[in-house]
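Structure, as structure tokens:
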Amino acid sequence: MDRLEQLGYDHWFQSHVDNDLGAGHDVARVISVHRDRCAVTKGSGPVGAECSGNLLYSADSPLDLPTTGDWILGDFFDDDTHAIIHRVLPRKSLLKRKTPGKRIDFQLIAANIDTAFIMQSADYNLNPRRLERYLAMVHDGGITPVILVSKCDLISADERHRIDTEISQVAGTVPLISFSNLTGEHIDTIEGFLKPAHTYCLIGSSGVGKTTLLNRLIGSRRFETREVSTRDRKGKHTTASRELVQLKSGAVLIDTPGMRELGNLAIDSGIGETFPEISMHAQQCRFRDCSHDGEAGCAVLAAVHAGELDENRYANYLKLRSESQYHSLSYAEKRKKDKDFGKMVKSVLKSGKRYR
Ligand SMILES: Nc1nc2c(ncn2[C@@H]2O[C@H](COP(=O)(O)OP(=O)(O)OP(=O)(O)O)[C@@H](O)[C@H]2O)c(=O)[nH]1
Ligand SMILES: [Mg+2]
Ligand SMILES: [Zn+2]
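The following block contains the structure:
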């Protein structure tokens, strides 16, 4: 394997370079992004990089700009100490979340992730409803989820059994590992999931122990962690940005800052995968576009009434779905507005060029 392949580069990405007019540039992977400055790597150390003016101007939305984990085409200068990014290669998967109150209200978390470790801590942070949201977001991004429950050293065996049962109901077939960064219990089970040249990310609320786990896997305290303040029981967002690191085993890991709020999800396909038992019954509904909330011939409702489908799961399904529908609607409108605005800016820029 060459250095890029060790970082996860493969034929799929390669095919998009061959077909591309921009071939002739170097390929590299984005390690981190700080506003408009990035760090990228070709497999040997980080290189500071910026987007080309053309890339910035032609971007209609944050989707078109590099995020951590992206593969890019760029030009490297001065013995690879500095680079200009010309293109972001198509993504195999993308993790994004809605951020309320911004003009374009979503944020890219990371790209080209194979497996996402969704982490909750066994003490105060455990929340099956929130877990469902994370699962939907991960499924929607085309990523395989694994659920981690941290800080198991803080709870009794009984409590742990209760938690495992509760979370298993939400997890379904998704692997679930309860572990402790403190005692090291089941860290080896987590390591068992890590494959060379595969990309993993750690997501979950602030303070659950994502960076502590990363440091454990690296085998040193390379990244900063911090006590969770006991008064408000909320972490203080110790990790400020996303950063891609490669472990000795060859696995690529992206740590992310804790998300205080998953907030409003822009998800659709992910919901079905998060509630597979509902999707299964839905295939028997009389109408293909059945809304499962009172229509004639609805197999989902019939299953709820017959006691074959858990009522709470059904209620959560409806709740998550209506939330998603509402927000994707307003998102679509906002996106359209942003597009029109982008077009206007572009045409103004173009006309400026023409008359210069
Ligand atoms: N008891 C116990 N404490 C842990 C465990 N894992 C992490 N901690 C502690 O939890 C606190 C927060 O850990 P971090 O690793 O900084 O949490 P984080 O998820 O990276 O938080 P953000 O970077 O803010 O998103 C630290 O004080 C850790 O020592 C664990 O398994 N058991
Ligand atoms: Mg952290
Ligand atoms: Zn139905």
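At position 141 of the sequence shown the residue is numbered 141 (our numbering), and the sequence of numbers has no breaks.
From the three backbone atoms N, C-alpha and C, an ideal C-beta is built for every residue, glycine too.
The shortest C-alpha to C-alpha distance from Arg-37 to any of Val-30, Ala-49, Gly-43 and Lys-210 is the one to Ala-49. In this structure, ligand 2 has no non-hydrogen atom nearer than 7 angstroms to the beta-carbon of Lys-151. Around the C-beta of Arg-242, 16 or more other C-beta atoms lie within 10 Å, and the residue is accordingly described as buried.
Annotation: the continuous beta strand (DSSP E) that includes Pro-145 extends over 144 to 150.
The region 111 to 121 and the region 142 to 157 touch, with no fewer than 3 CB-CB distances between them shorter than 8 angstroms. Around the Cβ of Asn-181, a 10 Å sphere holds 16 or more other Cβ atoms; the residue is buried. Secondary-structure assignment with DSSP links Lys-96 through a beta bridge to Leu-108. In this structure, ligand 1 has a non-hydrogen atom nearer than 7 angstroms to the beta-carbon of Ser-180. One thing to note: Thr-183 has its Cβ within 8 angstroms of the Cβ of Asp-153. Thr-68 has its CB no nearer than 7 angstroms to any heavy atom of ligand 2. Counted as a single uninterrupted DSSP element, the beta strand (DSSP E) harbouring Gln-246 occupies residues 243 to 246.
DSSP, reduced to helix, strand and coil, places Phe-275 outside both helices and strands of the structure shown, so it counts as coil. Looking only at Gly-141, Ala-83, Tyr-134 and Ser-58, the smallest Cα-Cα distance to Leu-94 is reached by Gly-141.
Pro-175 sits in coil when the DSSP states are folded into three classes, being neither helix nor strand.
If you draw a straight line from the Cα of Gly-219 to the Cα of Val-27, it is about 29 angstroms long. With contacts defined by Cβ atoms closer than 8 angstroms, His-198 and Ala-251 form a contacting pair.
Contact annotation, Pro-62 with Val-33: C-beta distance approximately 10 angstroms; criterion of less than 8 angstroms not satisfied. Your pair His-16 and Leu-89 checks out as a contact, with CB atoms roughly 5 angstroms apart and the cut at 8 angstroms. Leaving aside the five residues that flank Asp-80 on each side, the residues in its chain whose CB is nearer than 6 angstroms to its CB run, in chain order, Val-47.
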